[in-house]
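Before any comments, here is the structure.
Numbering (the numbering used here), first residue to last: 1339 to 1621.
Right, dumping it as structure tokens:
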């Protein structure tokens, strides 16, 4: 592993400090480093790179920040299959699972190509307006359709073209297993092991209390029709990208061809992370 990129959340002073230490540590080992533009400027390391350009130059990316930073990087990486090493600098951090005191033992293995990755499925989201596809997005965590006002909206759901139900609810979450510990969990959805190939469909505060979250296999396609007459409806992707919707719009969600490849922390299982992040009781 000779070409490594580093992307940092710059509003965290700790990220800059830790990033600088990593740059020095990797530099001493003759690793070719590529820093995102703003981070490179802060460190005075000369030319930085846009994230799109950076992902075309490196063999691995180190992300310093939280899950939000990781989500944005995942969408940028797309189908390039670049391993990502996420370092947790506070917060829950289900994606950035490696803690500060674990950085250098993991990096020792990384530069020797002695590491494992874990594949995480992503979703492809297509928006149809007036019968025409207008835009396509990739999502790692979840797709959320929600009213912008404090009132119910009507969403007609179909799975593989088969009518399921019309939700009267505050909204609807369509989630990957990775996203099962995010908004979907707050809406009463299940925790799925992150490498399971499934999709969660979870209503948000449904009017009909028997409308519960369902889990479907990843080869199925979910279509959601914003019923005519609906206004003030917002589509939010990974909690970071917003698209305004209106009556008659259709959102199509299916498994993406892209996957995220997370570097695993040796000796730490997913259940270790769950216990730590969700503060489950010990033995």
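We treat Cβ as the ideally placed atom computed from N, Cα and C, and that holds for glycine. As the structure is a prediction and not an experimental result, all values here were calculated from the model.
Going by beta carbons, residue 1461 and residue 1594 fall inside the 7 Å limit. Taken through DSSP and simplified to helix, strand or coil, residue 1421 comes out as strand. Residue range 1441-1449 is occupied by the alpha helix (DSSP H) that includes residue 1442. The segment 1387-1395 makes no contact with the segment 1547-1555, as fewer than three CB pairs between them are under 8 Å. DSSP places residue 1499 in no alpha helix (DSSP H); its state is neither H nor E.
When C-alpha distances from residue 1506 are compared across 1470, 1457, 1546, 1474, the shortest belongs to 1546. Apart from the 5 residues on each side of it in sequence, residue 1523 sits with its Cβ closer than 7 Å to the Cβ of 1529 in its chain, given in chain order.
Excluding its 5 nearest sequence neighbours in each direction, residue 1579 has C-beta neighbours in its own chain below 7 Å: 1475, listed in chain order.
Between residue 1344 and residue 1380, the CB-CB gap reaches or exceeds 7 Å. Here the alpha carbons of residue 1367 and residue 1527 stand approximately 45 Å from one another.
With fewer than 16 other Cβ atoms inside 10 Å of its own Cβ, residue 1365 counts as exposed.
Just measuring C-alpha positions, the residue of 1465, 1470, 1435 sitting nearest residue 1456 is 1435.
Here the alpha carbon of residue 1339 sits roughly 8 Å from the alpha carbon of residue 1398. Here residue 1405 carries a helix assignment [DSSP, helix/strand/coil]. Spanning the alpha carbons of residue 1377 and residue 1425 requires a straight line of approximately 16 Å. Scanning 1532, 1541, 1571, 1473 for the CA closest to the CA of residue 1585 turns up 1571. Here the segment 1465-1474 does not lie against the segment 1442-1457, with fewer than 3 beta-carbon pairs under 8 Å apart. One alpha carbon belongs to residue 1485, the other to residue 1540, and they sit about 15 Å apart.
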